[in-house]
Amino acid sequence: MYNDSTERVSAGLQNWIRSAAPGAQLPSNRELVAQNGVSPVTVQKAMRTLSTLGLVESRPGVGTFVRASGTRSPADYGWQTAALGAPHHRVPALSATQRTVTTEMISLHSGYPARELLPGRLVRTALARAARTESAMTRSPTQGLPELQAWFATQIAAVTPPGVAPPAARDAIILNGSQSGLSSVFRSVVGAGQTLLVESPTYWGAILAARQTGVELVPVPTGPSGPDPEDLDRAFAETGARAFYAQPNFANPTGVQWSVERGDEVLQVVRQHGAFLIEDDWAHDLGIDAESRALVAHDMDGRVIYLRSLTKSVSPSLRVAAVIARGPARERILADRAAEAMYVSGILQTAALDVVTQPGWKTHLRGFRTQLRTRRDHLIGSLHKHLPEAHIGRPPVGGLNLWVRMPDGVDVEQLARDAYGRGVVIAPGTEWFPAEPSGSYIRLNYSGTDPERFNEAISILKSVLNAAR
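Position 12, counted from 1, in the sequence shown is what this note's numbering calls 940; the numbers after and before it change by one each time, with no gaps.
Set out below in structure tokens:
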């Protein structure tokens, strides 16, 4: 694993290479160790990075040299236009949350927590142990490792009220992250050309998955308490939709959590229309002032299809999630997963199960919650102090983000571009609306790196906003 020292040496050498002539010889490894004050292993890793990028070539016994970049005519890909034809749907660009930034920039756009908030020691230890198990050399079942299936099911069973049958282990299907699960659920349960109701605003990844699978989206407005059951009932009646996709707990981007009563009302509407509720519990482990309340725990007849991911709370590198579904819906989703990915890496499943069953896992979650609360309140304070015209509403009781309404008329996409030029990266809220935005919103992640720079970041946003007026 490369560390910050490796990245620093590699970046410095890349800068040197840009100004060097092709064929120029790089300093020896011994010289680089002395110049940078690092270990020989760090220099070797940096040199491997440069070689992988095609920037240098090694000549054994002589040294390492800047690779000469040969000149050639650019490839002509014009023929592909005719071969591919017109796209069946609009192919969206990468989300602003996926934008790569330099270390000098202040990142408020990402959808992931900073590395220091994650259980690094637990993850590394679990991966090392997993590499010594049979899962390192064998194929996993399509539905996932039985022990991990049981863990996900038990999490729901623990909060299932008396009189309701909890999901069984076989009802859980392990996924390569919940994003692939969304695509499978939309394909299997809704189907191309069919209608899916979604909250507006809602998770941009769900919008992307629906468009990629050919599902037609119909937005249902949501507010501080979630969607209005009457609006939902009307949308079902008008469209004949097969399902409603929602995030009842700590919704992305708004942070809203439905009340118990609202959850019951929504389930009743879904039941009346013979439809499914696709419950995305993406932030199950990210509660700050409240615990996640999974609606699937109150599901008596397979009405709820439930997704939960460990990516945000364990590690972005352990993309392990699960979908819980019962009856024929479960069989359709499993068949889709078999065709899409065949199975999930056994090493990743074994490591993920190791992490969440260690005694240190609950300790990590308690500390995680404290850190999120501190950062959330710090960013809210920075907005109140430096950008009072921004409206936050009710602070989120969980999740990673603030959903901030800017003054009417602000072009938030231009604001994001201008802020990027000043070294602050934000996500314009337009991506979270399946139709036209209902206002000028931006989403700010308070769990990223450098929380001590929140005041600086919001001050820059204020100056950018003033310059645009």
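Ideal placement from N, C-alpha and C gives every residue a C-beta, glycine not left out.
Predicted model only: the values in this text are computed from it and were never measured.
Close-in-space but distant-in-sequence residues of the same chain around MET929 (CB under 8 Å, 5 per side omitted): Counted from its first residue, the sequence shown places residue 929 at position 1. In this predicted model, MET929 has a pLDDT of only 48, less than 50, meaning its place in the structure is not dependable; the value taken from the coordinates is given anyway. Excluding sequence neighbours, MET929 sits near nothing in its chain.
Helix, strand or coil for TRP944? Go by DSSP, reduced to three states. Your numbering for residue 944 matches position 16 in the sequence shown. Helix.
Quick test of your reading: ARG1297 and GLY1215, contact by CB under 8 Å. State the CB separation rounded to the nearest angstrom. Counted from its first residue, the sequence shown places residue 1297 at position 369. Counted from its first residue, the sequence shown places residue 1215 at position 287. With a Cβ gap of about 7 Å, ARG1297 and GLY1215 count as contacting.
Give the range of the alpha helix (DSSP H) segment to which PHE1361 is assigned. Taking the first residue of the sequence shown as position 1, residue 1361 is located at position 433. Careful: PHE1361 lies outside any alpha helix (DSSP H) and carries neither H nor E.
Decide if GLU1044 is buried, meaning its Cβ has at least 16 other Cβ atoms within 10 Å, or exposed. Here residue 1044 is taken as the residue at index 116 of the sequence shown, counted from 1. GLU1044 is exposed by the Cβ-count criterion.
Evaluate LYS1290 with the Cβ neighbour count: other Cβ atoms within 10 Å of its Cβ, from every protein chain shown; 16 or more gives buried, anything less gives exposed. Sequence index remark: in the sequence shown, residue 1290 carries index 362 (1-based). That one is exposed.
Member of THR1053, GLU1317, THR1358 and TRP1331 whose CA lies at the smallest distance from the CA of TRP1132: Taking the sequence shown and counting its residues from 1, the one referred to as residue 1132 is at position 204. When each option's Cα is compared against that of TRP1132, the closest is THR1358.
Local conformation of TYR1374 per DSSP, three classes: Position 446 of the sequence shown, counting from 1, holds the residue named residue 1374. TYR1374 falls in the coil class under three-state DSSP.
Excluding sequence positions up to five away, which residues of its chain have a Cβ less than 6 Å from the Cβ of HIS1314? Numbered from its first residue, the sequence shown carries residue 1314 at position 386. Taken in chain order, the residues that qualify are ILE1386, SER1387 and LYS1390.
Suppose you measure from the CA of GLY1105 to the CA of LEU1223; what does that come to, to the nearest Å? If you number the sequence shown from 1, residue 1105 lands on position 177. If you number the sequence shown from 1, residue 1223 lands on position 295. Their backbone Cα atoms lie some 20 Å apart in a straight line.
Counting only the same chain and skipping the five closest in sequence on each side, list residues whose C-beta sits under 7 Å from that of ASP1209. On the sequence shown, residue 1209 is found 281 positions in, with the first residue counted as 1. Around ASP1209: ASN1177, SER1220, ALA1222, TYR1234, LEU1235 and ARG1236.
Quick check on this structure: which residue in GLY1309, VAL1332, ARG1170 and PRO1047 has the alpha carbon closest to the alpha carbon of ILE1232? The residue labelled residue 1232 in the question sits at position 304 within the sequence shown. Ile is not the amino acid found at residue 1232; the sequence shown has Val there. Answer by Cα proximity: ARG1170.
Reducing DSSP to helix, strand and coil, say where LEU1328 ends up. Mapped onto the sequence shown, residue 1328 falls at position 400. The answer is coil: DSSP assigns LEU1328 none of H, G, I, E or B.
6 Å Cβ shell around VAL1087 - same chain, five flanking residues per side excluded: Numbered from its first residue, the sequence shown carries residue 1087 at position 159. ALA1225.
Check this for me: beta carbons of VAL1197 and PRO1152, under 7 Å apart or not? Translated into positions along the sequence shown, residue 1197 becomes position 269. Translated into positions along the sequence shown, residue 1152 becomes position 224. It is not a contact, given that the beta carbons lie outside the stated cut-off.
Out of PRO955, GLN1071 and ARG1294, which one is the CA nearest neighbour of MET1270? Residue numbering aside, residue 1270 sits at position 342 when the sequence shown is read from its first letter. Minimum Cα distance to MET1270 is reached at GLN1071.
Status (buried if at least 16 other CB within 10 Å, exposed otherwise) for ASP1229: If you number the sequence shown from 1, residue 1229 lands on position 301. ASP1229 comes out exposed.
So, helix, strand or coil for MET929, using DSSP? In the sequence shown, counting from the first residue as 1, residue 929 sits at position 1. Residue placement at MET929 cannot be trusted, given a pLDDT of 48 that sits under 50; the coordinates are not used to answer.
Going by the CB atoms, is the gap between ARG1049 and ASP1282 shorter than 7 Å? Start at 1 with the first residue of the sequence shown, and residue 1282 comes out as number 354. Start at 1 with the first residue of the sequence shown, and residue 1049 comes out as number 121. Not in contact: ASP1282 and ARG1049 (Cβ atoms no closer than 7 Å).
Which value, in whole angstroms, describes the spacing of the CA atoms of GLN1107 and LEU1246? Here residue 1107 corresponds to residue number 179 of the sequence shown, with the count starting at 1. Here residue 1246 corresponds to residue number 318 of the sequence shown, with the count starting at 1. If I take the Cα positions, the gap works out to 13 Å.
Taking only three categories from DSSP, how would you classify PRO1451? There is simply no residue 1451 to check, as the chain begins at 929 and stops at 1397 in what is shown.
Within 8 Å, do at least three Cβ pairs link the stretch 1087-1096 to the stretch 1138-1151? no
Among PRO1362, ALA1396 and GLY1376, which has the Cα closest to the Cα of ALA1137? By 1-based counting over the sequence shown, the position of residue 1137 is 209. The candidate whose alpha carbon is nearest that of ALA1137 is PRO1362.
Kindly confirm or deny that the stretch 1302-1310 and the stretch 1339-1355 touch, where touching means at least three C-beta pairs closer than 8 Å. no
To the nearest angstrom, how far is the alpha carbon of TRP944 from that of SER933? As a working note, residue 944 is residue 16 in the sequence shown. As a working note, residue 933 is residue 5 in the sequence shown. Each residue's alpha carbon lies about 17 Å from the other.
Between ARG987 and ALA949, what straight-line distance do the alpha-carbon atoms span, to the nearest angstrom? Residue numbering aside, residue 987 sits at position 59 when the sequence shown is read from its first letter. Residue numbering aside, residue 949 sits at position 21 when the sequence shown is read from its first letter. The straight-line gap from Cα to Cα measures roughly 17 Å.
GLN905 versus ALA1059: straight-line alpha-carbon distance, rounded: The chain is shown from 929 up to 1397; residue 905 falls before or after that span and cannot be answered.
Cβ atoms of LEU1311 and SER1375: under 7 Å apart, would you say? Residue mapping note: residue 1375 aligns to position 447 of the sequence shown, counting from 1. Residue mapping note: residue 1311 aligns to position 383 of the sequence shown, counting from 1. No; because the gap between Cβ atoms is not below 7 Å, this pair is not in contact.
Assigned secondary structure, THR1239 (DSSP; H/G/I helix, E/B strand, else coil): By one-based count along the sequence shown, residue 1239 stands at place 311. Residue state, collapsed to three classes: coil.
Would the beta-carbon of SER1063 fall within 7 Å of that of THR1239? Taking the first residue of the sequence shown as 1, we reach residue 1063 at position 135. Taking the first residue of the sequence shown as 1, we reach residue 1239 at position 311. Not closer than 7 Å, so no.
Assigned exposure category for LEU1073 - 16 Cβ within 10 Å defines buried: Here residue 1073 refers to the residue found at position 145 when the sequence shown is read from its first residue. Result: buried.
Can you say whether ARG1037 is buried or exposed, counting buried as having 16 or more other CB atoms within 10 angstroms of its CB? The residue labelled residue 1037 in the question sits at position 109 within the sequence shown. For the sequence presented, residue 1037 should be read as His rather than Arg. Buried: at least 16 other Cβ atoms inside 10 Å.
Counting C-beta neighbours from all protein chains within 10 Å, is the total for VAL969 16 or more, i.e. buried, or is it exposed? The sequence position of residue 969 within the sequence shown is 41, counting from 1. The residue is exposed, with fewer than 16 neighbouring Cβ atoms inside 10 Å.
Helix, strand or coil for TYR1348, going by three-state DSSP, please let me know. Translated into positions along the sequence shown, residue 1348 becomes position 420. Three-state result, TYR1348: helix.
Can you tell me whether DSSP reads PHE1172 as helix, strand or coil? If you number the sequence shown from 1, residue 1172 lands on position 244. PHE1172 falls in the strand class under three-state DSSP.
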